[in-house]
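K.L.:
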Amino acid sequence: MNIMSNLSYRFKLWMVNENNEPIFGDGLAKLLEEISEHHSLLEAAKHLGMSYRYALHRISLAEERLGQPLVTRIRGGAKGGGSSEVTAFGRDLVARYRMGQAKLDASLKTLP
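Counting the sequence shown from 1 gives a position; the numbering used here is that position plus 6.
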């Protein structure tokens with residue numbers, strides 16, 4: 007058995023700002039994708055196994071560093087009914103990240 011034939015390359019991709027602060031990676035991309043699907047930050051967080059507070063913190067930190075909103079939130083009344091939507095900027099950021107990820111995946115497949 008040739009061990010070398012069972013090895014492959016992996017990487018972790020993330021985006022940084024001009025101050026080299028991490029802004030966006032796979033976790034935030036997945037969170038925004040789940041918000042788009044469920045229209046709820048709470049449901050997205052639950053689906054990904056994270057707390058609402060942590061999910062909100064991740065989004066708020068990225069929004070602060072980017073200077074742009076990623077999610078719009080509509081508060082519900084006393085009986086709930088609020089919702090969350092990913093902004094056009096957030097959708098574009100996810101698409102750009104996924105495109106970069108796909109290109110890197112393709113490049114890694116060309117390595118010996």
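All residues carry an ideal CB built from backbone N, CA and C; glycine is no exception.
In this text the structure is predicted, and so the values were computed from the model without any measurement.
Going by CA-CA distance only, name the one from G82, I80, V92 and Y58 that's closest to E5.
P.N.:
Since the first residue shown for the chain is 7 and the last is 118, residue 5 is missing from the structure and cannot be characterised.
K.L.:
Could you check what DSSP says for M21 in three-state terms: helix, strand or coil?
P.N.:
Mapped onto the sequence shown, residue 21 falls at position 15. It is a strand residue.
K.L.:
Using three-state DSSP, classify S11 as helix, strand or coil.
P.N.:
In the sequence shown, the residue the question calls residue 11 occupies position 5. It is helical.
K.L.:
Classify G87 as buried or exposed, calling it buried when 16 or more other Cβ atoms lie within 10 Å of its own Cβ.
P.N.:
Along the sequence shown, one-based indexing puts residue 87 at 81. So G87 ends up on the exposed side.
K.L.:
DSSP beta-bridge partners for P118?
P.N.:
Taking the sequence shown and counting its residues from 1, the one referred to as residue 118 is at position 112. Note: P118 sits in no beta bridge, so no partner.
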